[in-house]
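Novice: Have a look at this one before I ask anything.
Number of protein chains: 2
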Amino acid sequence: MHAERMDRVRAAMAAQGIDVLLLSVGPDLPWLVGYEAMPLERLTMLVLPREGEATLVVPRLEAPRVVERPDVFALRPWEEAEDPVAAVAALAGPASVVAVGDRTWGGFVLDLQGVMPGGARWVRASAVTGPLRARKDPEEVAALRVAAEAADRVAAQLQGGEVPLRGRTEAQVSADIGQRLLDEGHHRVNFAIVAAGAHAASPHHEPGEAVIEAGQVVLCDFGGTWPTPSGAGYCSDITRCVSLGPPPPEVADAYDALRAAQAASVAAADVGTACEAVDAAARDPLVAAGYGDRFIHRTGHGIGVEEHEDPYIVAGNAAALEAGHAFSVEPGIYTPGAWGLRLEDIVVATDAGPLALNRADHSLVLVDA
Amino acid sequence: MHAERMDRVRAAMAAQGIDVLLLSVGPDLPWLVGYEAMPLERLTMLVLPREGEATLVVPRLEAPRVVERPDVFALRPWEEAEDPVAAVAALAGPASVVAVGDRTWGGFVLDLQGVMPGGARWVRASAVTGPLRARKDPEEVAALRVAAEAADRVAAQLQGGEVPLRGRTEAQVSADIGQRLLDEGHHRVNFAIVAAGAHAASPHHEPGEAVIEAGQVVLCDFGGTWPTPSGAGYCSDITRCVSLGPPPPEVADAYDALRAAQAASVAAADVGTACEAVDAAARDPLVAAGYGDRFIHRTGHGIGVEEHEDPYIVAGNAAALEAGHAFSVEPGIYTPGAWGLRLEDIVVATDAGPLALNRADHSLVLVDA
C-alpha cells in the first residue's frame with residue numbers, strides 16, 4: 028500500500044515539475060509511509076526525490092520507534108551533535124522546485140531555505156498530497172466508517188441520557204465524552220466541545236467551569252482518531268445538540284430549519300457537484316429563512332488522517348466532488364448571548380450517491396440527565 | 028505583564044533590526060499576549076511591527092475565544108471567504124526583515140513569502156523570543172515550581188506502590204499516570220512514557236500493549252501543563268524508574284553511576300556556567316565509567332511555556348546559564364534489548380546556586396505494585 032502511494036506521489040511530482048518532497052510533522056508522513064513524526068525541535072523529515080530513494084532523517088533516539096520499511100524508505104538517524112538540516116539538504120540535492128509539508132515547523136522551512144539552493148521555488152506539499160489523500164480508497168472509507176460508528180455510539184449515549192449533564196461543568200462533560208471516545212475504540216481524542224446555553228453561540232467554545240443547568244440546550248462536537256494497521260489513524264467528527272427541557276419556540280424553529288438545511292446539503296453531495304454548491308445547498312435555505320447572518324462558517328471540511336483537510340465545502344471552492352471524497356456537513360446557527368445550534372455528519376461521495384457515515388438521531392433530543 | 032513583555036520584545040527587535048514579528052501557533056503567542064492559537068488550517072497570527080500597534084488576525088469563529096487586551100493588541104477577525112494571508116501582509120507593510128514563529132505552519136510561511144516584499148530576510152522568531160522566554164521571572168518560576176510539585180506527587184504515588192503495575196499494559200499505566208497529573212492540578216497531559224524492561228532502552232518509547240511483569244525495571248517519564256492566570260501554561264517534566272523486584276547487579280551499578288552523574292550535573296548548573304559544561308558534568312563520569320556510548324542524548328532542555336525550549340544542555344552550546352534559566356537535567360543509560368534508565372529533574376539557575384524543583388526520591392525504588 029505504501030509503495031503504491033509512493034508511486035502516485037512520484038507521478039504527481041512529475042506532473043507538477045517538483046524535484047523533491049520534504050515531509051515532517053503532520054498527516055502526510057503517516058499516510059505515505061506509516062510513521063508519524065514527533066512534534067519536537069529535533070527534526071524528523073522524509074526526503075523524497077522525484078527519482079531515487081526516499082530517506083527518513085530521524086533523531087537517533089526516535090529511530091527505535093520507526094517501523095522500518097526498506098522497500099519504501101531508507102533510515103538515516105542523526106546524532107545529537109549533528110545538523111539534521113544539512114543532512115536533509117544533502118539528500119535533497121540541487122532541487123529547483125521543493126515541496127514541503129504544510130505543517131512543517133516554519134523554523135525548519137527557514138533553516139532549509141538557508142542551506143538549499145537559492146532561487147529554488149518552494150511550494151506546499153499539499154499541492155501533491157492533498158488531491159491524493161482526498162480520494163479515499165476502500166480501506167480508508169472503512170476506517171472512517173468504523174470511527175464514525177464509534178462516535179455515533181457516544182452520541183447515542185449522550186442522547187439516551189447516559190452522560191450526566193445537569194450540575195456538571197462543561198469541562199467535566201467534555202472529559203467524560205473524551206473517555207467514551209477512547210472506550211469505544213479511538214486511540215486519541217482530538218476534541219470534545221461542550222457548550223451550554225449562550226456558550227454554544229461560539230462555534231469553537233472551549234469547555235470551561237460553567238455548570239450546565241436545567242433547560243439549557245447543550246451543543247456537543249467531538250471526535251477522535253481511529254488506529255489502523257497502516258500506521259495512519261483516521262478521524263471521527265460529529266455534532267449533536269441535546270436539550271435539557273423543551274426548547275423555546277425560536278430555538279425549536281431554528282433547529283427545524285437547520286436540520287432540513289443539513290439534510291439538503293448531504294443530499295447534494297454527489298460526485299461531480301462543486302464543493303461550493305454543497306455549501307450553498309445548506310446556506311441558501313438558511314438565508315431564505317432569515318438565518319443567513321447567523322451561519323458564520325463554511326459548511327464543512329474534508330476529513331481523513333487529518334481532522335481538517337481537502338476538500339473544503341466552502342463558497343468559492345469550485346472543485347467538483349470525486350468518488351472517495353470524505354467531508355463533514357455541519358451548518359450552524361448562532362445567536363450571540365443566547366444560544367447556538369450545529370448538526371454535523373461525515374459524508375463520503377460515491378458513484379452511488381452521497382453516503383452519510385453518521386446515523387445517530389438527527390433531532391434535537393430532549394434528555395433528562 | 029503582557030505590556031512589559033511586549034516592550035522587551037520590541038527592544039530586542041530593534042537591537043536585531045527586525046521590522047515585524049509574526050506569531051501563530053506555538054508558545055510565543057500565549058507567552059506574549061495570553062492567547063493560544065488553535066492549530067488549524069484557518070490562520071491565527073499576531074502582527075507586531077517594531078513600531079506601531081500589534082494586531083491579532085483571527086478567524087471570526089475563534090474571535091469569541093479571545094480575551095481582548097486593547098492595551099496590548101487590536102483584534103482583526105477575518106471572514107470565511109477572506110484571505111487572512113493578505114490581511115497579515117497588509118498589516119506587516121513593507122518589511123525587509125521578518126521574524127516568524129518557529130512553529131508556524133510551513134504552508135503559511137510559504138504563503139506569506141509569496142505576498143510579502145521579495146528580497147525580505149526571514150528569521151526565526153525565537154531569535155527574539157528565545158532569550159527573553161528563557162529567563163523566567165519570579166511568577167514563572169513559581170508556576171514551574173507548583174507544576175513540579177504536582178509531578179512529584181505523582182512520582183511519589185508511583186514509588187509508593189499506589190500505581191498498579193504488574194499485569195497491566197504500559198498503555199494502561201500511562202493513562203493512569205496521565206489522569207493523576209490532571210488530578211494533581213495540571214490542565215493538560217503532555218506525555219506519559221511508560222517503558223518496561225527492554226522497552227526502556229528506547230528513550231521515547233511509546234507505551235503499548237506490552238504487559239508489565241514481575242522483576243522488570245519500569246521507566247516513567249511524564250509531564251503536563253499547569254495553568255496560570257496569564258493565559259500561558261507552564262510545563263512539568265520528571266523521570267523516575269522503579270523496580271518490581273531487586274534489580275540485577277549490572278542495573279543497580281548503572282543506576283548508581285547515573286544518579287551520581289545526574290547530581291553532579293545539577294550541582295554544576297550555576298549562573299555563568301556554559302550549558303555544554305552542565306552536559307559534560309553528567310557525561311564525563313558516565314564516559315569514565317564505561318557508559319559513554321549508552322548515553323545517547325543530550326543532558327537536558329529548557330522548559331517553560333514549551334516542553335522543550337532554550338537553553339539546551341548539550342555539547343556545543345557554549346552559552347552561559349543566566350539567572351532564571353529553567354531546564355531539565357536527565358542523563359540516561361540505554362542497553363538495547365535489555366534495559367534502560369533515566370533520571371530527570373527540572374532545575375532553575377539562580378544567583379544563589381542551582382535550584383532543583385523536583386524532590387521525589389532519586390533512588391531506584393523497589394515497588395510491589
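Just so you know, the sequences run in chain order A and B. Oh and the first sequence: position 307 is 334 in my numbering, straight run, nothing missing. Oh and the second sequence: position 14 is 41 in my numbering, straight run, nothing missing. Backbone N, C-alpha and C fix where the C-beta goes; we use that ideal spot for every residue, glycine too.
(1) Is the CB-CB distance between B/GLY134 and A/ASP129 below 7 Å?
(2) Buried or exposed: B/ALA30, going by 16 or more other Cβ atoms within 10 Å of its Cβ?
(3) Three or more C-beta pairs closer than 8 Å, one from the segment 287-295 of chain A and one from the segment 263-273 of chain A: is that the case here?
(4) Along chain A, which residues have their Cβ under 8 Å away from the Cβ of B/ASP153?
(5) Give a yes or no on whether the C-beta atoms belonging to B/LEU88 and B/LEU73 are separated by under 7 Å.
(6) Who does B/ASP320 pair with in a DSSP beta bridge?
(7) To the nearest angstrom, how far is the alpha carbon of B/GLY235 from that of B/ALA183?
(8) Quick one: what does DSSP say A/GLY146 is sitting in, helix, strand or coil?
(9) Within 10 angstroms of the Cβ of B/MET143, are there 16 or more other Cβ atoms? Answer buried if so, exposed if not.
(10) Checking the sheet assignment: what are the DSSP bridge partners for A/THR26?
(11) With a threshold of 7 Å on Cβ separation, who are the neighbours of B/ALA41 within its own chain once the five nearest residues in sequence on each side are excluded?
(12) Along chain B, in chain order, which residues have C-beta atoms closer than 9 Å to that of A/ARG454?
(13) Helix or strand or just coil, what does DSSP make of A/ASP280?
(14) So which of A/LEU368, A/GLY79 and A/GLY224 has the shortest CA-CA distance to A/ASP34?
(15) For the candidate residues B/ALA126, B/LEU313 and B/GLY61, whose alpha-carbon lies nearest to that of B/ASP98?
(16) Check whether the segment 90-97 of chain B touches the segment 106-122 of chain B, taking contact to mean three or more Cβ pairs, one atom from each stretch, closer than 8 Å.
(17) Find the nearest neighbour of B/ARG215 within the set B/THR252, B/ALA202 and B/LEU192, judged by alpha-carbon distance.
(18) Just list the beta strand (DSSP E) runs in the segment 332-356 of chain B, keeping only unbroken ones of 3 residues or longer that don't cross its boundaries, in chain order.
(19) Would DSSP call A/PRO191 helix, strand or coil?
(20) Helix, strand or coil: which one does DSSP assign to A/HIS29?
(21) Identify every run of the beta strand (DSSP E) within the segment 105-177 of chain B, keeping only runs that are complete inside it and at least 3 residues long; order them along the chain.
(22) Kindly provide the ranges of any alpha helix (DSSP H) runs that are 4 or more residues long and lie completely inside the segment 30-91 of chain B, ordered along the chain.
(23) If we call anything under 7 Å between Cβ atoms a contact, is B/VAL293 one with B/VAL374?
(24) Let me confirm a value: A/GLU166 is counted as buried when at least 16 other C-beta atoms fall within 10 Å, else exposed. Which label applies?
(25) Quick one: what's got a C-beta closer than 6 Å to B/PRO54's C-beta in the same chain, skipping five residues either side?
(26) How would you call B/GLN43, buried or exposed, if buried means at least 16 neighbouring beta carbons within 10 angstroms?
(27) When you compare each of B/LEU59, B/VAL36, B/GLY327 and B/GLU107 to B/GLY258 by their alpha carbons, which one comes out closest?
(28) Hey, how far is the Cα of B/ARG180 from the Cα of A/PRO254?
(29) Quick one, which residues of the segment 59-89 of chain B are near chain A if we go by CB-CB under 9 Å, in chain order?
(30) Quick one: any contact between the segment 296-307 of chain A and the segment 219-231 of chain A, if contact means 3 or more CB pairs under 8 Å?
(31) Quick check: A/ALA222 and A/GLN243, are their CB atoms within less than 7 Å of each other?
(32) So, for B/ALA151: in the same chain, excluding its five sequence neighbours on each side, which residues have a beta-carbon less than 6 Å away from its beta-carbon?
(33) Helix, strand or coil for A/LEU271? Go by DSSP, reduced to three states.
(34) With C-beta atoms as the reference, is A/HIS119 less than 7 Å away from A/VAL36?
(35) In angstroms, rounded to a whole number, what distance separates the CA positions of B/ARG193 and A/GLY188?
(36) Given that a residue counts as buried once 16 or more other Cβ atoms are within 10 Å of its Cβ, and exposed if not, what is B/GLU106?
Specialist: By the coordinates alone:
(1) In contact: B/GLY134 and A/ASP129 (Cβ atoms closer than 7 Å).
(2) Exposed.
(3) Three or more beta-carbon pairs separated by less than 8 Å are not found between the segment 287-295 of chain A and the segment 263-273 of chain A, which leaves the two stretches without contact.
(4) Strictly speaking, residue 153 of chain B in this sequence is Ser, with Asp absent from that position. Per Cβ cutoff of 8 Å: GLY134.
(5) The answer is no: Cβ separation not under 7 Å.
(6) According to DSSP, which records beta bridges pairwise, B/ASP320 is partnered with nothing at all.
(7) Roughly 23 Å between the two C-alpha positions.
(8) Note: A/GLY146 maps to coil in three-state DSSP.
(9) With 16 or more other Cβ atoms within 10 Å, it is buried.
(10) No statement about residue 26 of chain A is possible, as the shown extent of chain A runs from 28 to 396 and does not include it.
(11) Cβ neighbours of B/ALA41 beyond the five flanking positions: ARG77.
(12) An answer regarding residue 454 of chain A cannot be provided, because it is not within the stretch 28 to 396 covered by chain A.
(13) Note: A/ASP280 maps to helix in three-state DSSP.
(14) Measuring from the Cα of A/ASP34, the nearest candidate turns out to be A/GLY79.
(15) Closest option to B/ASP98, Cα to Cα, is B/GLY61.
(16) Result no; under three Cβ-Cβ pairs closer than 8 Å.
(17) The candidate whose alpha carbon is nearest that of B/ARG215 is B/THR252.
(18) Taken in chain order, the unbroken stretches of beta strand (DSSP E) that lie wholly in the segment 332-356 of chain B and span 3 residues or more are 336-340 and 353-356.
(19) Coil.
(20) The answer is helix: DSSP assigns A/HIS29 an H, G or I state.
(21) If we require 3 residues or more, the beta strand (DSSP E) runs fully inside the segment 105-177 of chain B come out as 124-127 and 148-151.
(22) Taken in chain order, the complete alpha helix (DSSP H) segments of 4 residues or longer contained in the segment 30-91 of chain B are 55-60.
(23) Yes, Cβ-Cβ distance for B/VAL293 and B/VAL374 is below 7 Å.
(24) Answer is exposed; the Cβ neighbour count stays below 16.
(25) Within the same chain, B/PRO54 has close Cβ partners VAL332 and GLU333.
(26) Here B/GLN43 is exposed, its C-beta having fewer than 16 other C-beta atoms within 10 Å.
(27) Here the closest residue by C-alpha is B/LEU59.
(28) Straight-line spacing of the CA atoms in B/ARG180 and A/PRO254 works out to 33 Å.
(29) With the criterion set as a beta carbon lying under 9 Å from some beta carbon of chain A, the members of the segment 59-89 of chain B are MET65, PRO66, LEU67, GLU68, ARG69, PRO86, ARG87, LEU88 and GLU89, in sequence order.
(30) With the cut-off at 8 Å, the segment 296-307 of chain A and the segment 219-231 of chain A do not touch.
(31) Not a contact, by the Cβ cut-off of 7 Å.
(32) In the sequence as presented, Ala is not what sits at residue 151 of chain B; that position holds Arg. Short of 6 Å from the beta carbon of B/ARG151, and not among the five residues preceding or following it, lie these beta carbons of its own chain, in chain order: ASP129.
(33) In this structure, A/LEU271 counts as coil in the three-state DSSP scheme.
(34) Checking the sequence shown, residue 119 of chain A turns out to be Ala, not His. Going by C-beta atoms, A/ALA119 is not nearer than 7 Å to A/VAL36.
(35) So the two alpha carbons sit approximately 36 Å from each other.
(36) Looking at its Cβ environment, which holds fewer than 16 other Cβ atoms inside 10 Å, B/GLU106 is exposed.
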